[in-house]
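Numbering (my numbering), first residue to last: -14 to 189. Heads up, the beta-carbon is just placed ideally off N, CA and C, and yes, glycines get one too. What follows is a single structure, written as structure tokens, with notes after it.
Written out as structure tokens, the structure is:
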């Protein structure tokens, strides 16, 4: 479930950089009192999104399967009082029902083993979201994937429409299907991913 990113985490002390995800900054602009939020960052990587929320007063549980990612995050951000770091498989964790105001899954869903695992995890993350709370999702989709920079990685790819359908009954605040062109710092191979990005709100 780590997408084969351990080589990058071991080679680079800050593989993903410090800039929080754009969806997260847009969501924070909608929320009046970030300091009151409880958040769950599923597949947190090195924790740039968790740090962004915690630095604004939120309480964040940040989970990643990669011990290298968590180690990099701790080294980069220090022991931030608002972040609880966990090395673990999000799919195997027992999640409290209705606990979180914000659930973040940036780059996680396509790392799951198959579509059934995606649906199961999304259902569990939905259950963990408070009524009126938000989910932020950023995931590879099936439209186009250039995987030259991702050796030995076979992502689970749903269509953009199928990802959106997982949120039937929720208020989809924002959704897009656009390309991401990026270069990872450990191999310098420019490549492109088609990405589904969405913010969805659970009915109150």
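Asked	Found
Go ahead and label residue 120 buried or exposed: buried means 16 or more other beta carbons lie within 10 angstroms of its beta carbon, across all protein chains shown.	buried
Give the C-beta separation of residue 164 and residue 145 to the nearest angstrom, bearing in mind that I take them to be a contact with Cβ-Cβ under 8 Å.	About 12 Å; that fails the 8 Å criterion.
Per the DSSP calculation, residue 180 is bridged to which residue(s)?	125, 163
Return the residue from the list 83, 125, 171, 16 that minimises the CA-CA distance to residue 90.	125
Any idea which residues DSSP pairs residue 70 with across the strands?	47
Find the nearest neighbour of residue 3 within the set 38, 86, 13, judged by alpha-carbon distance.	38
Does the separation of the CB atoms of residue 189 and residue 157 fall below 8 Å?	no
Could you give the first and the last residue of the continuous beta strand (DSSP E) run that contains residue 85?	85 to 91
Could you check if residue 66 is buried or exposed, using at least 16 other CB atoms within 10 Å of its CB as the buried criterion?	exposed
Go to residue 26, then tell me how far its beta strand (DSSP E) extends in each direction, as first and last residue.	23 to 27
Do the segment 104 to 123 and the segment 70 to 87 make contact, defined as three or more Cβ pairs closer than 8 Å?	yes
Could you tell me which of 128, 171, 122, 153 sits nearest to residue 136, measuring between CA atoms?	171
Among residues of its own chain, excluding the 5 on either side of residue 134, which ones have a beta-carbon nearer than 7 Å to its beta-carbon?	169, 172, 174, 176
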